[in-house]
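Heads up: the sequence shown runs through residues 28 to 1022, numbered per this note's numbering.
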Amino acid sequence: MTRMSMKKRLMATTMAGSALLVFGGAAPALAQTAPTVAQQDESQSVDDVVVTGSRIRRVQTTTAAPVSVIDAEVLSERGFVQVGQALNQITSATPSAPVANGSGSEAGSGQQFPNLFGLGAGRTLSLVNGRRFVTSSSGMGDRVVDTNLIPVGLLKRVDVVQAGGAAVYGSDAIAGVVNYVLKDDFEGVEVDAQYGVSSRGDYPQRSLRMTLGQNVLDGRANLAADVEWSKTDSLYGQDRPRSNLARLTVSNSANTGPSDGIPSVRELLDAHFWPFNNNGVIFSIPAPVGRFLVRSGGVPQQFSADGNSLVAYDTGAVAGVPFATGGDGYDFRDLAALYTGVERFNANLIGHYDLTDRIKLKGELLYANTQGRDPYGTQGTSRTVLNSADSGAGPIAFFRTNPFLTPTALAQLSAANPGFAAGAPLWLSKNFADILPTREVVSDTDVWRGLVALEGDFDWADRNFYWSVSASRGVTRGERSGWDTWTSRLENAVNAVSSGGQPVCAVNADASTTNDAPGCVPINIFGAGVITSAMRDYVAVPVGEKFENTQDDLLATIGGELFALPAGPASFSLAYEYRREKAEFNPFDANRQGLVGSGTPTSATRGAYNTNEFSAEVLAPVFGGDFTLPFVKSLELNGAYRIVDNSIAGKENVWGAGLRWEVVSGLTLRASRSRNFRAPTLDQLFAPSSTGLDAIAQNPCDSDRINSGPNPSVRLANCQALFAANPGWGPLTGFQDPGENFTNVLVTTGGNPNLKNEVSDTTTFGVVFQPTFAPGLTLVADRVEVELSDGLSAFTPQNFLATCFDSSPRPADVCSQFTFNSQGQVATARSTTFNAGTVRYEGEIYTVNYAFDVADAFRRSADWGRLELGLEVTHNALLETSVTGFDYNRTDDTTLTPDWVSRFDARYARGPIRLSYTMNYLPVSRVNRFDTIETTPTPVISENIRHNLSGEYRFGDYAIRAGVINLTDEEPSYPTRNYGDILGRQYFVGLNAHF
């Protein structure tokens, strides 16, 4: 391409962009609402296009449902290296940044998924160019598309339909639809590089991309390629002041009753687990109430780090079982990392060829790899007094004959406990921090997708018709891998004796040969950092699973004009879609053979289903053009119907209807009503059954949970009754379950092949105001209401526990899904999916966009640049969910779903200069809707305001940009980790070249 043709193209693009600003308000604002065409200059031509939310061609902005648009230009200007960062800014979306919550849960895979209105990522459908994309998840996950896969270099815009869409697109479009629209006419060569870092010098973010495109064959064809790479590092809890507090809550002994104004729990900082550490804490009695081995002065004992002697053990300020402030116990900060490190690589090829003037051949090819590295993905291996012996994770009994005891340690132990000198055991409670090669868990995902399509149009009977046929195949192959200990080998290896002056495993030194363990390498259990490579190699085994998702999709559509109406032609669209989904799960050998954890094997599993779906849409302009009435400048009705036949979930019929009524120029009313559905995913249907040690999120009878929940009195009464029936558990007062924070519960997970579709009814209505006296100003307000039934509920151990203890009477079928050990702690639990949930959501979305030339505001003719202002506010009035369908929990007005969420954008452009400012506002809220001073010392979470600044300067074919994210280094509101930005202040600088 010549320099002159490039300049002409740039000028044409600039003119088109300027027209769009006038047409739609502040077009490059982060997430503008697509308004009506009241302000469209009559001299401009407006082409009909297929817009997200319908397959009928129409003017871009004439939709009955609320639609927001994110322009691709926003990503580079604001330093976003992947699309998920921009989607997290939408006020109606629940951010999906992978921040560990600090309760023992791992930081995750690093994948990000859209989640509108907090209804769950699986209820937001993701499309690429209006077509389905293979799912990125596995395990018990939803059918979701990782935003890391979307090519930034080829992205044109992101359309976000807020609420519904299943009648047009099928399953999953309950909360809405996110459609990534890619460029199909890119020309030239573009290279972009960016580097970002926090103000603390950590969490570097690097990205590189190159995009190449060319029109060929006299403009009849275009071929474009895009290659992208980005990487962010892991972040640890110790790296940020908030997470480094190691804060949690424990029972408050000062509490005298439910109405004394004293919280039932108190804060605990610098939290440690006092019953164990990495060196090994010594107990003379392990259960039911553990008793430390003490020496002179009654001081508890532990092994020194080198394991050669006994040293005093500081329990810290004990606050019940198992927590203490400070001391030598296991550090709460070491449970989980804060952020998973993510590295992504994308390669895309997209092109089209005009076979004739009216038939076009299109093709898309994608390969993407996303790798997440969670440095604390596994907690290692622990054998502690917090667990019973029958769990396989109890303390280790050791005798004076253990060859790894040094003479010094042996003398100290014998003096402190004469019974030990006589041959009785002592018990060691410890975490093996170095028994595995690494605690890192790696999630490695490869995605391939190919698509070929034919589309075109034709005239018949004085009408225009358009059609398309596409076929695609997408394959996701993933692996989640880490390390664990071979249970039986570890059991043999920790029991060592001396034979011939050398340490050997006891099973190989007794008189029986039937229990011999060939190759057994005895393990030194005393101290930290004493595990040799030979010991590690004997007990450590790779664990994890491989999975493969395959999606084949065939889509055929035809649409056009039906007949003439006074206001214009009635239009239609018909579509047929065939989709086949297949998934395979293949556990690693150690998991399949049951070598780790409880010894329960995990089976390889596979499953598949197919759907045949027919849909129809109609659009009827009743009034408009020259055919109007007073206060009816235009009136447009639309309807859609879809018939679905799923080979497993069965049949479903869904529909949608809407209207758009332009009262007068600049004032438009709109409304829609729809029935939507979500089919169960292959993961929910066929996920393999497996059992392993895990942490439960919350035990309702725990002292810091017992006064919470939707009905605290019911929870308290059920816990009291259970403890009264089991006096051996000890008192309920002050009870704490370590399973909330440490992986000592045997959890069985698996799919449920008896699932059916969940369905929802959605209503939206709103107003769009574009006053003729203020060109460039658009005000929009939309109400969204969703009611969902037969919800596909992921029943985690926490759900089973909460449903059991928050119900009266307690449902036996739910309460039977978990058991307790002899100390009243959760011992076993189950996690699966049921059709039981219900969801009710109500809220509003308000947007204001105003774009104007600065000189015009001062009645000047000079070029003072252009200013674009945008305000988006989402009011989450109600979010009420029930996992079981009869016990409701409201999470609106909480930190999960804040009452009012706002974002203000300002963008100034003049010549080569672009300046942007964003303010994100989170209101005063609560962690739990029922929080009061009686239940928590922090019942109110303060508001959180963050400011971002960025700028760009363009010179010739180059542009340089820089910015500051979280300008004031605002921490998340205390005491949370995610109500705000825990990364703090970040800087970025980028360079772009386009030839």
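Glycine residues also receive a C-beta, built at the ideal position from the N, C-alpha and C atoms. Note that the coordinates shown come from a computational prediction; the quantities given were computed from them, not determined experimentally.
Query, Result
"Of the listed residues N375, T405, L622 and V321, nearest to N771 (C-alpha basis)", "T405"
"Classification of A839 by the beta-carbon crowding that lies within 10 angstroms, buried from 16 upward", "exposed"
"Beta-carbon proximity check, V853 vs D764, cutoff 8 Å", "yes"
"Under 8 Å between C-beta atoms of L275 and A298", "yes"
"Backbone CA spacing between P545 and L517 [nearest angstrom]", "13 Å"
"Under the three-state DSSP convention, the category A555 falls into", "coil"
"Nearest-angstrom Cα separation, counted from N916 out to N903", "15 Å"
"For D996, the nearest candidate out of Y985, Y1014 and P1002 (CA to CA)", "Y1014"
"N613: first and last residue of the uninterrupted alpha helix (DSSP H) it sits in", "Note, N613: premise wrong, no alpha helix (DSSP H); beta strand (DSSP E) at G595 to P614."
"Residue burial classification, Y985 (beta-carbon count within 10 angstroms, cutoff 16)", "exposed"
"Residues sharing a beta bridge with R532, DSSP", "Residue identity check: residue 532 is Cys in the sequence provided, not Arg. Looking at the DSSP assignment, C532 forms a beta bridge with A523."
"Local conformation of G446 per DSSP, three classes", "helix"
"Reference L656, options G288, S692 and A829, closest by Cα", "S692"
"Burial state of R150 (16 or more Cβ within 10 Å)", "buried"
"C-beta contact flag for S499 and D580 at 8 Å", "yes"
"Assigned secondary structure, W475 (DSSP; H/G/I helix, E/B strand, else coil)", "strand"
"Residues near G626 by beta carbon distance below 8 Å, same chain, minus five either side", "G419, T514 and S515"
"Reference S699, options T789, Y980 and P754, closest by Cα", "T789"
"Rounded Cβ spacing between P422 and P290 (contact assumed at less than 8 Å)", "The pair is not a contact, with the Cβ atoms about 33 Å apart (cut-off 8 Å)."
"Any chain C beta carbon closer than 8 Å to G666", "Annotation note: the requested chain C is absent from the structure, which comprises a single protein chain."
"Boundaries (first-last residue) of the beta strand (DSSP E) holding Q328", "V326 to F330"
"Buried/exposed call for G288, threshold 16 Cβ in 10 Å", "exposed"
"K34 to H1021 span [Cα, whole Å]", "Note on K34: pLDDT 37, under 50, position unreliable in the model; no value is reported."
"Beta-bridge pairing of N637 - partner residues as DSSP gives them", "R607"
"Option nearest T1064 by Cα separation, candidates W927, V218 and T963", "Beyond the ends of the chain as shown, which are 28 and 1022, falls residue 1064; an answer cannot be given."
"Start-end ranges of the beta strand (DSSP E) lying completely within the segment 922 to 985, minimum 3 residues", "927 to 937, 940 to 949 and 971 to 982"
"Straight-line Cα distance separating P966 from M42", "Legend: pLDDT at M42 = 30, less than 50; position of this residue unreliable, no value from coordinates given."
"Between the CA atoms of L942 and D932 - distance to the nearest angstrom", "11 Å"
"Nonlocal neighbours in the same chain, by C-beta distance under 6 Å from A395, ignoring five residues either side", "L176, N373 and V474"
"8 Å Cβ cutoff met for P999 and N975", "no"
"Status (buried if at least 16 other CB within 10 Å, exposed otherwise) for V243", "exposed"
"Rounded C-alpha distance that separates V110 from L272", "32 Å"
"Limits of the beta strand (DSSP E) - the one that L804 falls within", "L804 to F822"
"Of the residues V548, D883, T874 and L320, the one placed nearest G897, counting alpha carbons only", "T874"
"Buried versus exposed call for N781 [16 or more other C-beta atoms within 10 Å across all chains shown]", "exposed"
"Residue of G554, T799 and S735 minimising C-alpha distance to N726", "S735"
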